[in-house]
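>
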Ligand code: UT7
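Residue numbers (the working numbering): 4 to 334.
1) Could you compute how far the alpha carbon of residue 318 sits from the alpha carbon of residue 231?
2) Nearest CA to the CA of residue 330: which residue from 306, 261 and 62?
3) List the residues that DSSP assigns as beta-bridge partners of residue 144.
4) Suppose you measure from the CA of residue 324 to the CA of residue 103; what does that come to, to the nearest Å?
5) According to the neighbour-count rule (16 or more other Cβ atoms, all chains shown, within 10 Å of its Cβ), is residue 236 buried or exposed?
6) For the ligand UT7, any of its heavy atoms closer than 7 angstroms to the Cβ of residue 43?
7) Indicate the three-state DSSP secondary structure (helix, strand or coil) for residue 191 in the structure shown.
8) Looking at the ligand UT7, does it come within less than 7 angstroms of residue 225, judged from the CB to the closest heavy atom?
9) Which residues share a DSSP beta bridge with residue 8?
10) Between the C-alpha atoms of residue 200 and residue 168, what's the straight-line distance to the nearest angstrom?
11) Compare the C-alpha of residue 84 against each of 75, 93 and 128 and name the closest.
12) I want to know whether the segment 106-122 touches the segment 176-183 - three or more CB-CB distances under 8 angstroms.
13) Considering Cα atoms alone, identify which of 19, 140, 146 and 30 is closest to residue 77.
14) Could you tell me which residues DSSP pairs with residue 185 in its beta bridges?
15) Please name the residue, chosen from 248, 321 and 163, that lies closest to residue 24 on a Cα-to-Cα basis.
16) Excluding the 5 residues flanking residue 345 on each side, which residues of the same chain have their C-beta closer than 7 angstroms to its C-beta?
17) Beta-carbon within less than 6 angstroms of residue 188's beta-carbon, same chain only, minus the 5 sequence neighbours each way: which residues are those?
18) Measure the alpha-carbon distance for residue 299 versus residue 29 and round it to whole angstroms.
19) Taking the CB atoms as reference points, tell me whether residue 31 and residue 155 lie closer together than 8 angstroms.
20) Could you give the first and the last residue of the continuous alpha helix (DSSP H) run that contains residue 224?
21) Using only the alpha-carbon positions, how far apart do residue 211 and residue 205 sit?
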């Protein structure tokens with residue numbers, strides 16, 4: 004009997020209209036376009052300005068875009084996973100709300116939080132459900148409203164992050180396309196370098212935590228950079244070796260977009276030329292869970308059935324990993 008694999012059969016995306024450029028950031032904090040461009044590769048990022056709109060606002064738009072393109076009704080979806088570090092509410096599942104709003108009335112839903120690796124881990128979760136044979140249509144949405152947890156007076160973080168959402172539908176495939184292999188890792192040593200101190204169970208919100216700005220992202224950028232640059236390259240090289248892939252066999256590298264220098268180092272280590280590396284950091288910055296699906300959304304028209312894609316991500320926790328996937332359709 005042929006093995007059932009889990010293929011991506013449609014993608015969708017959404018970014019807010021409001022553009023926050025490096026030039027505008029120059030007027031907000033002590034920074035400049037040249038520093039941001041050379042140190043990170045970012046030129047601008049999108050910010051969600053709609054009142055009372057959280058991460059679900061963007062997740063719903065990305066999902067609706069996908070459903071319309073795939074031409075299916077939301078009631079056919081079995082499972083909705085929302086990968087996010089910025090849920091609408093600390094407790095109620097964002098995914099459950101999104102599923103109801105898009106009309107996925109027959110689905111169950113939950114959130115997955117693994118910082119910038121959330122979507123990568125979500126791909127693995129989706130593939131496992133499909134491969135098990137129990138579910139036929141799994142919708143994975145990566146969405147983050149990073150602007151809700153960023154201190155726009157802190158130049159070390161506010162230049163990096165942006166808001167957005169992307170979605171991918173996973174379905175069974177009998178041609179051997181879709182997810183081929185994965186290598187996922189984590190290491191709790193990373194918690195000290197990239198975190199939000201307050202608002203969790205260790206340090207609940209109080210007047211003091213608000214006054215001390217402890218509800219914003221703190222990042223020791225230099226340390227995170229060191230871990231990210233070596234680990235993202237390591238796992239990408241490992242997954243190629245383990246699947247006997249040379250750089251000629253790889254059509255696309257789909258890397259998390261935290262810093263253009265980390266992306267370049269990963270591509271170099273894999274021997275993959277720049278033209279095969281998906282990039283949107285210049286336009287969106289680091290959109291955390293939305294980065295990988297937004298890349299697929301942006302590059303969808305260039306992807307061909309059978310293309311070999313290597314996904315790689317690194318994020319807070321630390322969490323990181325790589326996935327080898329064969330693209331399943333021509334658009
Ligand atoms: O997605 C989750 C995982 N996150 C990552 O992978 C992020 C990894 N880290 C990075 O991408 C980089 O470390 C940053 C982009 C965050 C920072 O770049 P860096 O090259 O590591 O800069 P740095 O922190 O070593 O700072 C260099 C200098 C410092 O000044 P001095 O001490 O040399 O005088 C900073 O104060 O640049 C200064 N600086 C800035 N200058 C202008 C820091 N931020 C800024 C800024 N504008 N926005």
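Virtual Cβ for every residue (Gly too), placed ideally from N, Cα, C.
So, from the data block:
1) 8 angstroms
2) 306
3) 85 and 170
4) 31 angstroms
5) buried
6) yes
7) helix
8) yes
9) 176
10) 25 angstroms
11) 128
12) no
13) 140
14) 326
15) 163
16) With the chain represented from 4 up to 334, any question about residue 345 goes unanswered, as that position is not in the structure.
17) 323 and 324
18) 31 angstroms
19) yes
20) 224-245
21) 14 angstroms
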